[in-house]
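Here's the structure, in structure tokens; my notes come after.
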Amino acid sequence: MTEGIEKLKCLIIGSGPAGYTAAVYAARANLQPVLYTGREPGGQLMITTDVENYPGYPDGIMGPQMMEDFRKQAERFGTEVRYEMISKVDFSGPVHKVWTESGKEVQADSVIISTGASAKWLGLESEKRLTNKGVSACAVCDGFFFRGQEVAIVGGGDTAAEEALYLSKLCPRVHMLVRRDELRASKIMQERVLKSENITIHWNTEALEILGEQEVKGVRIVNNQTKVESVIPVQGFFVAIGHKPNTDIFKDWLDMDNTGYIITKGKTAHTNIEGVFASGDAQDNVYRQAVTAAGTGCMAALDAERYLTEKGII
Ligand code: NDP
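All residue numbers for the sequence shown refer to the working numbering, where the first residue is 415 and numbers rise by one.
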């Protein structure tokens, strides 16, 4: 160990269900884990309201409350939670090195990655200005606020289809803006969307600008074939064009798919680098649920514990 540099047995990056579950298991296995929360402590559940599908909460629970419970449980067994961002890693040696945003180096025998994924945005200036003022990337979280109002949703994948259907139960009219002349969503989801009487699909259509200063008043759209522009008067604007895993800092080291999801080996949390494990949405573009993220966090901690035992570190 280099003089003065902190050396850990187990370092966890990320503070969603995967990270905190890994922390509970690692702490109970006496790995004395340190967890770096990243810039959004609690992750995607912090922007969710009611969580009704997490087993063990028969009456549902608010996302932020659930993440507080997760954190407390991890801390109860001795996890040290640090509210900082890891911005650089070096996985070239047997001992892994990471750097915090403020430049501090920390070394660890095992690293568990649970950095999650973030919603993709269109990149419009008006979208940024009106985020949380009528613009949202999560219909299930925010759809409720637009009950009885007209809304638009961008995207043609399974997420957009699912969210359009969800919104169609709350809103009199849902405008689905699809940039091509077909949906990417699975056949069954396509059928459901096409059958829904209050979902209007605008084919070959892109959003140019969301109108309004303090709240959404409408969206200016263009047909990318005819170039004809028009305005639809909506009060809510949802973006459902996919997610991006938060894995950029690992791309020089870890095997990933084209989108940046970390590839784990078989039914384990092992990555291509010994002693580095991945869990949660950072390695899962299929299930993306709190409960599956928590499950893979548990797997990562158990795999880390076995790895440290095999190496004679613990
Ligand atoms: P996808 O990548 O599957 O779809 C993204 C959609 O957004 C596409 O229609 C794409 O258009 C469109 N899009 C992308 N960028 C833009 C842009 N800049 N402007 C306008 N439109 C854009 O993402 P999803 O989140 O829908 O799904 C991710 C994965 O999760 C998939 O594998 C999906 O099957 C799965 N999933 C499964 C569910 C289920 O089974 N219940 C529910 C939700 C997701 P284009 O087609 O032209 O590229």
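Virtual Cβ for every residue (Gly too), placed ideally from N, Cα, C.
DSSP lists 549, 566 as the beta-bridge partner residues of residue 651. Exclusion of the five residues before and after residue 713 leaves 683 as the residues of its chain whose Cβ lies within less than 6 Å of its Cβ. With a 10 Å radius around the Cβ and a threshold of 16 neighbouring Cβ atoms, residue 456 comes out buried.
Within the stretch 430 to 502, the runs of beta strand (DSSP E) that reach at least 3 residues and sit entirely inside it are, in chain order, 448 to 450, 494 to 496. A straight-line Cα-Cα distance of about 19 Å links residue 595 and residue 612. In terms of Cα proximity to residue 620, the closest of 536, 565, 601, 583 is 536. Measuring C-alpha to C-alpha distances from residue 667 to each of 453, 525, 571, 645 identifies 525 as the nearest.
For the pair residue 626 and residue 565, the Cα-to-Cα distance works out to about 14 Å.
One Cα belongs to residue 606, the other to residue 586, and the distance between them is close to 17 Å. Scanning 630, 652, 646, 622 for the CA closest to the CA of residue 638 turns up 622. Only residues of its own chain outside the window of five on either side were considered, and among them 439 have a CB closer than 7 Å to the CB of residue 716, listed in chain order.
Residue 636 has its Cβ no nearer than 6 Å to any heavy atom of ligand 1.
Under the three-state reduction of DSSP, residue 613 is assigned to strand. Counting every other CB atom within 10 Å of its CB across the protein chains shown gives residue 591 a total of 16 or more, marking it as buried. Around the beta carbon of residue 719, 16 or more other beta carbons sit within 10 angstroms, so the residue counts as buried. Of the residues 705, 490, 699, the one whose Cα lies closest to the Cα of residue 659 is 699. Counting the other Cβ atoms within 10 Å of the Cβ of residue 558 gives fewer than 16, which makes it exposed.
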